[in-house]
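J.:
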Amino acid sequence: MKIVAWNVNSLKVRLPQLLDFLATRLPDVVCLQETKLTDENFPVAEIEAAGYHVAYSGQKTYNGVAILSRAPLSDVVTGIANFNDELKRVIAATIEGVRIVCVYCPNGQSLDSDKYAYKLAWFDALIAWLKDELTRHPKLAVLGDYNIAPDDRDVHDPAMWVDGILVSDAERARFQGLLALGLQDSFRLFDQPEKIFSWWDYRMLGFRRNQGLRIDHILLTQPLAQACISSTVDREMRKLERPSDHAPVVAEINLAV
DNA sequence: ATGGCGCCACATTGGCGA
2 MKIVAWNVNS LKVRLPQLLD FLATRLPDVV CLQETKLTDE NFPVAEIEAA
52 GYHVAYSGQK TYNGVAILSR APLSDVVTGI ANFNDELKRV IAATIEGVRI
102 VCVYCPNGQS LDSDKYAYKL AWFDALIAWL KDELTRHPKL AVLGDYNIAP
152 DDRDVHDPAM WVDGILVSDA ERARFQGLLA LGLQDSFRLF DQPEKIFSWW
202 DYRMLGFRRN QGLRIDHILL TQPLAQACIS STVDREMRKL ERPSDHAPVV
252 AEINLAV
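Take my numbering: the final residue in the first sequence is number 258, and no numbers are missing along the way.
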């Protein structure tokens, strides 16, 4: 099972790239973030024509998440249980016995912003919810844009970013809180080259200079982690005309094991 | 040099992302 997380930064703009991605990479599951589409505007027909089932939860202008799958989806849930949030950031579904949780975690804006306090509270709610979900779903994957670079290896210039948004101690503590639930960062299951990132600023020739951050992650419970055979970033998508500022992150899991 | 780019909408400028 090849599973993908990709922040598309507007599905309306990126739909042709998504359809090309589906046709060429042949993923089994794709979790999208920042679709920026209301549900009535979601391109269901185009995605179904490409051979995928789809579940989605969106809103105008901001946020919006979706799960695409070759196999049927069941038990679709949106949002975090017991956490009131009008922002469409979470959708979950079961696919071939694997619980897939698609997340678009808050950005936080800056450390002195109300949005930062919301980000930390949001992660606390996510952790509490997943702790409960894990009691029912031994095979569970959490994929998406976490807006956290877990450690300095995930930052192009740690000195420049020190104590800033996306790398602050409190944010990294939330990421560790997810790992403490028994989830594993699939990327770090393998020896990886240095300076692998999943997001690059549109400005300042960020991608060409590889001035990026690794903030998009695929976390796996132990039964999936031990069956995981690769975890990579699809940088080619960032090289296209009118790219998203995020590249897809990809993990392959051998469910036969 | 806190700007820059890209997307969206109560649009031709401002909010937001990261």
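Ideal Cβ placement from N, Cα and C applies to all residues, glycine included. Nothing here was measured: the structure is a model prediction, and the numbers come from that model.
1) If the criterion is Cβ atoms closer than 7 Å, does the pair Leu256 and Met2 meet it?
2) Does the beta-carbon distance from Tyr105 to Val66 come in below 7 Å?
3) Assuming the contact rule is C-beta atoms closer than 8 Å, Ser245 and Leu190 should be a hit. Round their C-beta distance to whole Å, please.
4) Mind the definition here: the stretch 100-116 touches the stretch 144-160 only if three or more C-beta pairs lie below 8 Å; say whether that holds.
5) Using only CA atoms, which one of Ile101, Val5, Leu33, Arg215 lies nearest to Arg1?
6) Going by alpha carbons, who is nearest to Thr95 out of Arg154, Asp153, Thr79?
7) So the candidates are Gly207, Val251, Asp21, Ile216; which of them puts its Cα closest to the Cα of Glu47?
8) In chain order, what residues of the same chain have a beta carbon less than 6 Å from the beta carbon of Arg90, not counting five sequence neighbours either side?
9) Where does Tyr53 fall in DSSP's three states?
10) Could you check whether Ile219 and Leu127 sit closer than 7 Å to each other, using their CB atoms as the reference points?
11) Tell me, which residues are paired with Cys229 by DSSP?
12) So what's Lys140 in DSSP terms, helix, strand or just coil?
13) Under the three-state reduction of DSSP, which class applies to Val168: helix, strand or coil?
14) By the three-class DSSP mapping on this structure, what secondary structure does Arg100 have?
15) Decide if the stretch 223-242 is in contact with the stretch 185-203; the criterion is three or more beta carbon pairs, one per stretch, under 8 Å apart.
16) Can the beta-carbon of Tyr53 be found closer than 7 Å to that of Phe43?
17) Assuming Leu12 and Thr39 are in contact, meaning their beta carbons sit under 8 Å apart, how far apart are those beta carbons, in whole angstroms?
18) Distance check for Asp76 and Ile45, CA to CA, integer angstroms please.
19) Is Thr79 helix, strand or coil when you go by DSSP?
20) By DSSP, does Thr25 sit in helix, in strand, or in coil?
21) So, for Pro139: in the same chain, excluding its five sequence neighbours on each side, which residues have a beta-carbon less than 7 Å away from its beta-carbon?
22) Identify, in the order they occur along the chain, each residue of the same chain with its Cβ nearer than 6 Å to the Cβ of Phe124, setting aside the five sequence neighbours on each side.
23) Are the CB atoms of Ile92 and Ala142 nearer to each other than 7 Å?
24) Suppose you measure from the CA of Val30 to the CA of Cys229; what does that come to, to the nearest Å?
25) Does Asn64 come out as helix, strand or coil in the three-state DSSP assignment?
T.: Let's see:
1) The count along the first sequence starts at 1 and reaches residue 256 at position 255. The count along the first sequence starts at 1 and reaches residue 2 at position 1. Cβ distance < 7 Å, so Leu256 and Met2 count as in contact.
2) The sequence position of residue 105 within the first sequence is 104, counting from 1. The sequence position of residue 66 within the first sequence is 65, counting from 1. In this structure, Val66 lies closer than 7 Å to Tyr105 by Cβ.
3) In the first sequence, residue 245 corresponds to position 244, counting from 1. In the first sequence, residue 190 corresponds to position 189, counting from 1. With 8 Å as the limit, Ser245 and Leu190 do not qualify as a contact, their Cβ atoms being about 25 Å apart.
4) At 8 Å Cβ cutoff, the stretches touch.
5) Residue 1 lies beyond the range of the chain shown here (2 to 258); nothing can be said about it.
6) One-based indexing of the first sequence puts residue 95 at position 94. Per the Cα distances, Thr79.
7) For the purposes of this step, residue 47 is identified with residue 46 of the first sequence, where counting begins at 1. Ranking Gly207, Val251, Asp21, Ile216 by Cα distance to Glu47 puts Asp21 first.
8) Reading the first sequence from its first residue, position 89 is the one you call residue 90. Hits under 6 Å: Asn64, Tyr105.
9) As a position in the first sequence, residue 53 is number 52, starting the count at 1. Three-state DSSP puts Tyr53 in coil, outside helix and strand.
10) Translated into positions along the first sequence, residue 127 becomes position 126. Translated into positions along the first sequence, residue 219 becomes position 218. Taking 7 Å as the Cβ cut-off, Leu127 and Ile219 do not qualify as a contacting pair.
11) The residue labelled residue 229 in the question sits at position 228 within the first sequence. Answer is Ile254.
12) Stepping through the first sequence from its first residue, residue 140 is reached at position 139. Residue state, collapsed to three classes: coil.
13) Residue mapping note: residue 168 aligns to position 167 of the first sequence, counting from 1. In the structure shown, Val168 sits in coil (DSSP, three-state: anything other than H, G, I, E or B).
14) If you number the first sequence from 1, residue 100 lands on position 99. Three-state DSSP puts Arg100 in a strand.
15) Short answer: they touch.
16) Position 52 of the first sequence, counted from the first residue, corresponds to residue 53. Position 42 of the first sequence, counted from the first residue, corresponds to residue 43. For Tyr53 and Phe43, no; Cβs fall outside 7 Å.
17) Counted from its first residue, the first sequence places residue 12 at position 11. Counted from its first residue, the first sequence places residue 39 at position 38. The C-beta separation of Leu12 from Thr39 comes to about 11 Å, leaving the pair out of contact by the 8 Å criterion.
18) Taking the first sequence and counting its residues from 1, the one referred to as residue 45 is at position 44. Taking the first sequence and counting its residues from 1, the one referred to as residue 76 is at position 75. It is worth fixing the name first, because residue 45 is Val in this sequence and not Ile. Using only the alpha carbons, I get a separation of about 19 Å.
19) Here residue 79 is taken as the residue at index 78 of the first sequence, counted from 1. Shown here, Thr79 sits in a strand according to DSSP, grouped into three states.
20) On the first sequence, position 24 is the one that residue 25 refers to. The DSSP-derived three-state label of Thr25 is helix.
21) Residue numbering aside, residue 139 sits at position 138 when the first sequence is read from its first letter. Correct list, in chain order: Thr222, Pro224.
22) Here residue 124 is taken as the residue at index 123 of the first sequence, counted from 1. Shown here for Phe124: same chain residues with a beta carbon closer than 6 Å to its own, the five before and five after excluded, namely Arg175 in chain order.
23) Start at 1 with the first residue of the first sequence, and residue 92 comes out as number 91. Start at 1 with the first residue of the first sequence, and residue 142 comes out as number 141. In this structure, Ile92 keeps its C-beta atom at 7 Å or more from the C-beta atom of Ala142.
24) Translated into positions along the first sequence, residue 30 becomes position 29. Translated into positions along the first sequence, residue 229 becomes position 228. Separation of Val30 and Cys229 (C-alpha to C-alpha, rounded to the nearest whole angstrom) is 15 Å.
25) Start at 1 with the first residue of the first sequence, and residue 64 comes out as number 63. Coil at Asn64, not helix or strand.
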